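Anchor point for the sequence shown: position 69 equals 597 in our numbering, and the numbering is continuous, going up by one each time. We put the beta carbon where it would ideally sit given N, CA and C, even for glycine. This structure is a prediction, so every number in the text was calculated from the model and none was measured.
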Amino acid sequence: MDPRPTYTITTAETHQAPAYLQHRPTPPMPLHEIPPGVELVTLSSGIRTLAYTQPTPPPMPAAPAAQPVPAWAKTTALLVPTTGFGIGAAGVGLSYAAPGLIAMSHALWAAVALIATGGTAAAVVIGRVRARITAAQRPHITQHITATGWFGRAHGTINHH
529 MDPRPTYTIT
539 TAETHQAPAY
549 LQHRPTPPMP
559 LHEIPPGVEL
569 VTLSSGIRTL
579 AYTQPTPPPM
589 PAAPAAQPVP
599 AWAKTTALLV
609 PTTGFGIGAA
619 GVGLSYAAPG
629 LIAMSHALWA
639 AVALIATGGT
649 AAAVVIGRVR
659 ARITAAQRPH
669 ITQHITATGW
679 FGRAHGTINH
689 H
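Structure below.
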């Protein structure tokens, strides 16, 4: 025979809720006082009670749709290499032109010095010529003043030549 025991399966009896719970028209708490996550549920036996419920998971956000690239971004992306090559070319050009630029700056400084020296020499020459012209036209005036004593009266003569 079979050494294992045999079990009889039976179903549980259906129980009725107690009378004080069956005839309640309202839940044990007013609906506006029920905290979040708690709901009024009716059990299979007909008993209405408050129970914690599983929160519904938030809906999954939709994947963002691909947006087209703005026109200003395309224009900027196309201009960047052009600008970079232009700056590079300018740098190469300046490196080739550097000796000439240095010589030109020395020549400009020499020209400035020449102009300053010429202006100073012209001012000196004009001043001397003007002094000779005015010396010939200017009258020569002499004055002789004499006084006698500490508080004596002064007498003088003016001669025009």
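Exercise for review: For the alpha helix (DSSP H) containing I686, list its first residue and its last residue.
Suggested key: Run containing I686: none in the alpha helix (DSSP H); it sits in the beta strand (DSSP E), 682-688.
Practice item. Would you kindly work out how many angstroms separate the C-alpha atoms of T577 and H560, rounded to a whole number? Key: 15 Å
Review point. When the Cα atoms are used, what is the spatial distance from I661 to I654?
Key: 11 Å
Review point. Between V640 and G621, what straight-line distance do the alpha-carbon atoms span, to the nearest angstrom?
Key: 27 Å
Review point. Going by the C-beta, is A682 closer than 6 Å to any heavy atom of the ligand NAP?
Key: Among the ligands in the structure shown, none appear at all, so the ligand NAP cannot be discussed.
Exercise for review: Locate the alpha helix (DSSP H) running through T610, then write down its first and last residues.
Suggested key: 599-665
Review point. Could you give the distance in angstroms between the alpha-carbon of A638 and the alpha-carbon of R656?
Key: 27 Å
**Study point:** Alpha-carbon spacing of T648 relative to A659, whole angstroms
**Key:** 17 Å
Practice item. Consult DSSP for H668 and reduce its assignment to one of helix, strand or coil. Key: coil
Check your understanding: Across which residues does DSSP place E561 in a beta bridge pair?
Key -> None; E561 has no bridge partner.
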